[in-house]
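Note that our numbering has the sequence shown beginning at 26, numbered continuously upward.
Where is the CB? At the ideal position from N, CA and C, for every residue including glycine.
Here the structure is a predicted model, which is why all the values come from computation and not from measurement.
Here the structure comes first, spelled out in structure tokens, and everything after it is commentary.
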Amino acid sequence: STQSTWVPLRACFGMLEALSQALLDEEAPTKSIREKMEHYNNLGNDPVSSLMKDLDEVKDIMMDNLDRVLERGTKLEQMVDVSDKLVHDSTRFRNSAQSLRWAMCRKYARMTAVVVCLILSVVVILLLVACNPDFSACGNGKK
Numbered sequence: 026s027t028q029s030t031w032v033p034l035r036a037c038f039g040m041l042e043a044l045s046q047a048l049l050d051e052e053a054p055t056k057s058i059r060e061k062m063e064h065y066n067n068l069g070n071d072p073v074s075s076l077m078k079d080l081d082e083v084k085d086i087m088m089d090n091l092d093r094v095l096e097r098g099t100k101l102e103q104m105v106d107v108s109d110k111l112v113h114d115s116t117r118f119r120n121s122a123q124s125l126r127w128a129m130c131r132k133y134a135r136m137t138a139v140v141v142c143l144i145l146s147v148v149v150i151l152l153l154v155a156c157n158p159d160f161s162a163c164g165n166g167k168k
């Protein structure tokens, strides 16, 4: 932050006020002046600077949080796209499975019909061979 490179005016004026008070109150102000200068030159002692530093940290954290939220939003959009594709693919799969099921049913019905016709044809042929074509050899014995 730019505030760490310069001393705020309020710190300067605070130091001047403290030094003038120290000069007026004490008999040996040298030690007190040195302590006051060290105190006011340390920006960590300035509550407003500390507050600004804390605000900068909070701002950085919030910016990181916003970046994460945006990334999460992008991921959510990607997940929505993937889920839409899955819905479309599943619908297409269901439709193709239903048409395949009907095709297999029709094939099974045709095969069943062919088998029934073959069995009936074999039965009729056996009857014709066994009973003669006019069924004279079969029946109740009347001629």
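Span of the alpha helix (DSSP H), counted from its first residue to its last, around residue i
i: Phe-160; result: That residue, Phe-160, is in no alpha helix (DSSP H); it is neither H nor E in DSSP.
Residue j beta carbon less than 8 angstroms from that of residue i
i: Lys-61; j: Leu-44; result: yes
i: Met-104; j: Tyr-65; result: no
i: Cys-163; j: Ala-155; result: yes
Rounded separation between residue i and residue j - CA only
i: Ser-146; j: Asp-106; result: 59 angstroms
i: Phe-160; j: Thr-137; result: 29 angstroms
i: Asp-89; j: Glu-96; result: 10 angstroms
i: Pro-158; j: Val-148; result: 13 angstroms
i: Ser-26; j: Asp-92; result: Only weak support is given to the placement of Ser-26: the predicted model assigns it a pLDDT of 41, under 50, and the value that follows is read from those uncertain coordinates. Cα-Cα distance, rounded: 21 angstroms.
i: Cys-130; j: Gln-123; result: 11 angstroms
i: Leu-153; j: Arg-135; result: 27 angstroms
i: Cys-37; j: Lys-100; result: 51 angstroms
i: Gly-98; j: Val-112; result: 21 angstroms
i: Asp-81; j: Val-94; result: 20 angstroms
i: Asp-85; j: Asp-114; result: 43 angstroms
i: Ser-108; j: Val-140; result: 47 angstroms
i: Ala-128; j: Glu-102; result: 39 angstroms
i: Arg-126; j: Thr-116; result: 15 angstroms
Beta-carbon proximity list for residue i, same chain, < 8 angstroms, skipping 5 on both sides
i: Gln-28; result: The pLDDT assigned to Gln-28 is 44, lower than 50, so where the model puts this residue is not dependable, and the model offers no usable value.
i: Leu-151; result: none
Residue i CB to nearest heavy atom of the ligand SAH below 7 angstroms
i: Val-149; result: Among the components modelled here there is no ligand, and therefore nothing to report on the ligand SAH.
Contacts around residue i, its chain only, beta-carbon distance under 6 angstroms, and the 5 residues preceding and following it disregarded
i: Glu-63; result: none
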